[in-house]
Each structure stands twice: as structure tokens, then as C-alpha cells.
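I have placed the structure first, in the form of C-alpha cells, so that the comments after it can refer back to it.
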Amino acid sequence: MGIRFFNTLTRTIAEFEPLVPAAARIYTCGPTVYDYAHIGNFRAYVFEDLLRRYLQFRGYRVTQVMNLTDVDDKTIRSARQEGMSLNEFTARYKRAFFEDLETLNIERVEFYPAATEHVGDMIALIETLIRKGHAYVSGEGSVYFDISSFPNYGRLSRVDTSGLKAGARVVHDEYGKQDVADFALWKAWDEADGDVSWESPWGRGRPGWHIECSAMSMKYLGETFDIHTGGIDNIFPHHENEIAQSEAATGKPFVRYWLHCAHLIVEGQKMSKSLGNFYTLRDLLRRGYSGREVRFVLIGTHYRQSLNFTLASLDAARNALARIDDTRRRLQELAYRRIGPGADQTSKRLVSRAEERFVHGLDDDLNVAPALAALFDLLRDVNRALDRNAITSDGASLLESFLTKLDRVWGFLEVESQEQPDQEVRALVQERERQRGQKNWAEADKIRDRLLKMGWIVQDTPDGPHLRRAK
RNA sequence: GGCGCGGUAGCCAAGUGGUAAGGCACGGGUCUGCAAAACCCGCAUUCACCGGUUCGAAUCCGGUCCGCGCCUCCA
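Residues in the first sequence are numbered from 134 upward in steps of one, following my numbering.
So this is what it looks like as C-alpha cells:
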């Protein structure tokens, strides 16, 4: 059996069978670049990164697209408030977004199309929809999708649109709609848009939100592709609308597997600015946490489970990661000696057992918990074997390269590069060794305390003192 | 109201019919001059509650309570 995913379309778990063998084409709803992304957003992006990396690990050639929404109500409003051009404004947050991806060790996907660079594609798609009788132009020059022309509408979200009523949240300028559930493909220019507009067959205006994903996914992945991901909140209406637009235009199935990520809550409550529990990645870095620690927390809960994010969980992550690092350093030191003579049976056995459990867990709809358990069991077994000298240096190399291999998926196993102690610290360590040699324990302990205050933990080992950065 | 998710140890979190993974924290021990790290032992007779089905249920069925999400542009 291969990889299985829970498909929102069918609400069941099914074997992943791509259109083209050993290839996976994925579309991922990306950020609206009007502000720094928050950790809730990154929960989704880390999930999508895990998906991508695991498919690659299992031998799939992945082609992934993540759109950048750089024109919508929020980007336009914020840019105007700041007195900047739209492009100038969104460029700032695009840059910040990519910096954050790097901090979280999220792999770059193949394409990051920006909405503003694909308006032509969107216009062409809208023209097709009008021609095929799925869209209509309103009096003021907006274009709407006609829900009634698409009988399958509501299949993904299982929402019955007949009950939808015009409510407070229906924007007043959309009076041209024939049905409240119809949605905008093209929005005629209005006052609030300022200088943001494009020429179209229906006059000056800008694209609706949903259409960019249909146009850009088609352009980069084809009319039918394998996987579409996003947050659970996107199921309705965004993804429902994407399906309607795309399938109405092409007459072909749009997406085979829909994967949706649950939300993140903070300290048991919905994250919101008014509750004061709203974090961007940068907020956490400012508090002294690392991207690696945040990644560990975000990846550790199954993607369809809501994740309760707490600062305590970041502290727990720090300790767990320190354990990984210590074990890896032990292995690296042993491997470095290169004394042969081939890998021992224990190492070989541990590697194959851990890999089997890893794959078994993640194959099952990316069930990370059993895969993580396999990792920590491996670490314990490795330490135990190291303690009784049951691992050869070649065995240590084998284990090390296995961990490197796993890290192509986890992305948090890499030992953080150690800051090198400066001259003063090294001198103190030497002095302490001299005192210890003379059994001047009190003096040695004083130096150890002093080093700790300077941010260094000294560990005495049979091979001499080891320095570790205190956090 | 409609659609959906969840309640497992101090915290996080697997397990969906065969007798409770893993992580963090905590307690005891081995090692160590003392520490640290590592390792060993311990840490839920019990899985929100009440009934039922079954030889057997955290897992299935019915009910109750509690928490959370989406319902027109929020991952």
C-alpha cells in the first residue's frame, strides 16, 4: 500500500493515485500579502511543506504552485493608507513572507505566481465563462458567476446554497447579482480602488479573488491536477467557487484530492488581536524562540486536528530538539574517527526498523505521531547502544546519514551550528581543567558557574570537557 | 439553524473491537569529584458522563454534558 489521504471531496481516506505515475501536481493557496503572516498561516504552510517533502521522499516528482494574492480589498486599502503604490506595498510583504519561509525551513515550491501578473489569464478565463453561459455582466461592469448554471455547486462543502440569504456581510456594491450566492469574477472599478485597475472587455476594474486560483492553477498545472490544499476555512466559499469556475470553463474535473488543514488556536482560544494572543513568526523570534522550534511545534500535530499552540509547547520543543542534537553530535564524533570495520548489525537493524515505522506512519494520511515516536525510540536505542560501545564508526555514519535522510522530510533534525567559544571562554575551560587535575573542585566549580553566567554549559565527558550554548 | 471537528496522565499527543505509542515535566536510581548529558525504573486498572451491543470497547450503537471551527473573500 502506498500513501493515503483524507479527501475533503469524498470525506474518506483513499490511496493517492496521481494522474501521471510518480508525479504529483499540487496547488496551494498562498498568502494575501498585506501584512506579516501569523503562525496560524504558517501552520498551513508547514503542513503543505510536509506534504511536499514526504511525496518527494516517496519518490514523487512534485510540481507545486503557491499563489501570492497581491490585489484585493485589504492590499488596496492598506497600500493607500500607507500612501504607497500597490506594488511597492505588497513587495514589502512578499519579501517578508519569503524570509519567514526560510526561517521555518520551508522548501521553495516551483512557482509563486502573483495575481497581478496574471490578470490577462483571468480575463481570458472569464470570457470563456461568459461565452459558455456561466457568467453574466452586471450594469456597472462587474462580472458574476451564475451559480444556477453549475448543478454541482456545493458538492465539496456540502453547503446547500438555496438557504443562503442576503446578509450584512454581502457587500453593498454587489447589487448587480442575480442571486446572492453568485460571486464576483470581475469587479468594476470604484472609488476605493484608487489607481488600481486593469482594462477589460467590461471596462476598468480588477479581478475577483477566486478567479486567480483557477487561472493560475490551470496555467501551471493543467486543467486537471492532483492535489489542492488550503486551510479548512477555504472550503467554503473559496474552493467551492474555484471548482465551479474551473469545471464550468473546461468541462473537466478540476482537482482529484482536496486536503484541508485545521486551524490553530492559542492557549485554548481562537487567536485574535483583541485577546492579545496573536503571534506572527517575528513575534516569537523576538521572544527568543527559533524557527526550528516553531516548526517542530507546528508539524507535531496531525494536520486535520486543531493545534493548540502555547509558549510552553515551544519550551518543550527546545528540550526535545536538544536531545536530538546531543545524540547527533555523539554519532558525528564517532563517525568522524573512521575506524571501520563496516557498520554493525545493531545500527543496520535500528535504521531499517525506524524507516519502516516512519513510512508506515506518514503513509497513513501524514500521521506524524507514530513517525515521531519512531524517531524518539530510535534516539533512545542509539544512545543505549552508544553507551555500551555497540556501534562502530561506520555504524555511526550509517545512522547519521539516515537521520539526514529523514530530515529531508522533517526539516528540524539539522543540528544548529554551534557558536564558537571565544578566547576568554576557552581559556577559562583550560584553567578549569587544570584545577580539576589538581582536584581543586571548589575552584573548578566556581569557573563552571562563571561560564554558565557567560552562557556556556560545560559537560565533562571521558573525552574531555564539552561546551554547549545555554539558552 | 446548516455543515464539521474534538473531549485519552500535570501539559502536548497516538491508538478506531483484543486489553493504553511517543514528547515535555516530575520522582527514584546507574554513571560522575560534584554536576550536565545519557541510560534504567516509576508515572492513566483507565480513555468527559450514562446506558447498550459483544467472550471482550478508549475504540461500535443510543443518549447527556462540555469545548472549538466554518456558514460570502480569514490558513
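Where a beta carbon is used, it is the ideal one built from N, C-alpha and C, also for glycine.
I159 places its beta carbon less than 8 Å from that of I360. Cβ-Cβ distances below 7 Å link R415 to Y169 in the same chain, with the five nearest sequence neighbours on each side left out; the list follows chain order. Taking C-alpha positions only, F278 is separated from E232 by approximately 37 Å. For C394, DSSP records a beta bridge to G364. If you draw a straight line from the Cα of G528 to the Cα of A468, it is about 8 Å long. Excluding residues up to 5 positions away in sequence, R463 lie with their Cβ nearer than 6 Å to the Cβ of L519 in the same chain. Non-local C-beta neighbours of D498 in its own chain, meaning closer than 7 Å and more than five positions away in sequence, comprise R137, F138, F139 and I146, ordered along the chain.
Taking A487 as the centre and dropping the five residues before and after it, the same chain places the C-beta of A507 and L511 closer than 6 Å to its C-beta, in chain order.
In this structure, the CA atom of R513 is about 33 Å from the CA atom of F149.
Following the DSSP letters along the chain, one finds N516 in no beta strand (DSSP E) but inside the alpha helix (DSSP H) bounded by residues V501 to D520.
Annotation: G274 to G336 spans about 6 Å, alpha carbon to alpha carbon. The bridge partners DSSP lists for F358 are V388.
Collapsing the DSSP output to three states places R194 in a strand. Beta-bridge partners of R339 (DSSP): K320. Segment contact: the segment 391-398 against the segment 412-429, fewer than three CB-CB distances shorter than 8 Å; contact not assigned. Secondary structure of F222 (DSSP, three-state): helix.
A Cβ-Cβ contact shorter than 8 Å links H371 with H343. Contiguous alpha helix (DSSP H) elements confined to the segment 535-601 occur at 556-570 and 574-586, taking only those with 4 or more residues. Residue pairing by DSSP puts M199 in a beta bridge opposite T161. The C-beta of N285 has fewer than 16 other C-beta atoms within 10 Å across all chains shown, which makes the residue exposed.
Contact between the segment 220-237 and the segment 375-390 is not established, with fewer than three Cβ pairs separated by less than 8 Å.
Collapsing the DSSP output to three states places R437 in coil. The beta carbons of I263 and V252 sit about 16 Å from each other, so the pair does not count as a contact at 8 Å.
In the displayed model, R291 falls within coil according to three-state DSSP, outside both helix and strand. Burial state of P164 is buried, judged by a 10 Å Cβ sphere holding 16 or more other Cβ atoms. Counting other Cβ atoms within 10 Å of its Cβ, P595 stays below 16 and is therefore classed as exposed. Between the alpha carbons of T443 and M404 lies a gap of roughly 11 Å. Counting the other Cβ atoms within 10 Å of the Cβ of T434 gives 16 or more, which makes it buried. The Cβ atoms of V166 and D206 lie no closer than 8 Å to each other.
By the CB criterion at 8 Å, Y412 and F180 fall outside the cutoff. Assignment of beta-bridge partners to N140 by DSSP yields T145.
Where F278 is concerned, the enclosing beta strand (DSSP E) starts and stops at V276 to F278.
In this structure, E380 and M255 do not form a Cβ contact; the two beta carbons are roughly 16 Å apart against a cut-off of 8 Å. In terms of Cβ geometry, A382 and L258 form a close pair [threshold 8 Å]. C-alpha of W319 to C-alpha of V270: approximately 9 Å in a straight line. Under a 10 Å Cβ-count criterion, A155 is classified as exposed, with fewer than 16 other Cβ atoms of the shown protein chains found around its own Cβ.
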